[in-house]
Every structure is written in C-alpha cells, then in structure tokens.
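**Q**
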Amino acid sequence: MRLNRVLNINNIKCDLVDERIALDLAAPGRAEFTIVGDDNAILQNQLVTFDLGYSSQDTLQRWFIGITEQIVQTGDKRVKIFCRELSSVLSHTLPLNLRHVSLRDVLKAINTMTGLNFSTPDQDYTTRKVANFYNLGTGYQAMAALENVFNIPDFIWQQQSGVIYVGSWSHSRWASVKNMLLPENLFVEHSAQNSAKVAAFPSYRPGIRINGKRINIIEFSGNHMVLKWT
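Quick note: the sequence shown uses the numbering used here, first residue 291, plus one each step.
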C-alpha cells in the first residue's frame, strides 16, 4: 500500500519533497518540510496542515496542524520550512490573576488571550473552583500548574487535531483505545533506549498504548515512525 501525504500552507497545496515531524505528549509538536517552490510565497505565521494515510483508506488523517516559523531557501528551487503546532503560542508570557475559578474558567481565559481551543472531560476536577489561579510566566508554565492547582491525576495536555485536550490521561481518548499489539516482525529497528522504529501508522499519536507501553513521542519521516516511551 502506498502512503499518501498532503501538505497545505496557507490553504495552498505544496509540492512536498520530504518531511520530518515530531509529536510530543508533553510539548507542542514540531515539523520540518522541504518543498519545491518559491519562498516568497510563504511567510511566517501561516497555517500549516499535514494529512497522512494509505491508498486503501477513504480519507487521510490530519497528523499535524501548526504555523510556519522559519523559511529557508536551500537552492535548486527548494525551500525548507520549519513549523510548530498551534499550541506553541503558549511559549509566550501569559499573565493570569483569576479569582474563584474552575479549570474550565482558566482555559476560557487562556482561549480569550491566545485563540487556542480546549476540551476537557466531564469530571469533578474541571468544575471544582479554587480561590485563585496566578501565573506570571509563560503559557507552558500556566498549563503545567493546572495539574497541582486542580489536583488532576496523571495529567496531560495535548493538541489533538487543532483542539487541546486538558485533563487526566485516564479520561482522554487514549484510555478508551485498547492496547495495540504489534508483532515483532513489524519493527524495523528496536533500540534498548526505549524506542522502536516501525512502519508508519497514521492513527498513532503520542498517548497511545502499544505493546503495553504508553508512547510519549512519535517521530515521522519517509514511511516510518520512531516510537519513544519512558
């Protein structure tokens, strides 16, 4: 089966040469694309989408959505584009001083300031109010603080198809996905450093369980994925 991929930048389909994408359960994903074209047509902060799927599938899966950060002309009419997921906007300072708020209230305030969209499970910790939520650091620091302030067990926040899930892993979509069992013959390489290289599976994203291990990082390039766990 052929692995199909479609890269769009600013809603324009690009002639893709190669790609390197890394998705992380604990940080915004990043991507590096090489395309044929003119770098004058691509600017910083333009929307980037990358869809992936096999020829036997009716629709491709959206595997990366983010923005352009750096554009470099490499010669031979080729352009290298460096991108980060939408949630990378949280790297900026995000001052918050909120009183008598729930997790959902905090996320609503962050949405107002950043434009990011969030989803939460229907659990007590999403509606339980605290006296104060205070942040002087970056958005990353604010997100990390949610775990202790709202007492969220096994806390994760993860961009999923443009919407950021915030809550416990056990209440996320991954908890309802059964542990995937991959036979050894599907592993191209197996490292002693808690990683393995396999043929690309478009449905795989960080957070999924494979052979009993929770995957934290997935790196995709060519026709393969490197899975990493702790």
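Think of the CB as a built atom: it goes at the ideal place given N, C-alpha and C, for glycine as much as any other residue.
By alpha-carbon positions, which one of D348, F323, L306 and F354 ends up nearest to D314?
**A** The shortest C-alpha separation from D314 is found at F354.
**Q** Where does the unbroken alpha helix (DSSP H) through K419 begin, and where does it stop?
**A** Premise fails: K419 is in no alpha helix (DSSP H) and is neither H nor E.
**Q** Is DSSP giving G319 helix, strand or coil here?
**A** Correct three-state label for G319: strand.
**Q** Residue range of the alpha helix (DSSP H) that G429 falls in?
**A** Counting along the chain, the alpha helix (DSSP H) containing G429 begins and ends at G429 to V439.
**Q** What are the start and end residues of the alpha helix (DSSP H) that includes N401?
**A** Per DSSP, N401 belongs to the alpha helix (DSSP H) from L393 to T404.
**Q** Whole angstroms are fine: how far does the CA of G452 sit from the CA of R389?
**A** Between R389 and G452, the C-alpha separation is close to 28 Å.
**Q** Could you tell me which uninterrupted beta strand (DSSP E) segments, each at least 3 residues in length, are contained entirely in the stretch 449-497, listed from first to last along the chain?
**A** Correct list: 453-458, 477-481 and 485-489.
**Q** Mind checking whether H424 and I442 have CB atoms under 8 Å apart?
**A** Going by the sequence as given, residue 424 is Tyr instead of His. Cβ distance not < 8 Å, so Y424 and I442 don't count as in contact.
**Q** Using the rule of at least 16 other Cβ atoms within 10 Å of the residue's Cβ for burial, across every protein chain shown, is S378 buried or exposed?
**A** That one is buried.
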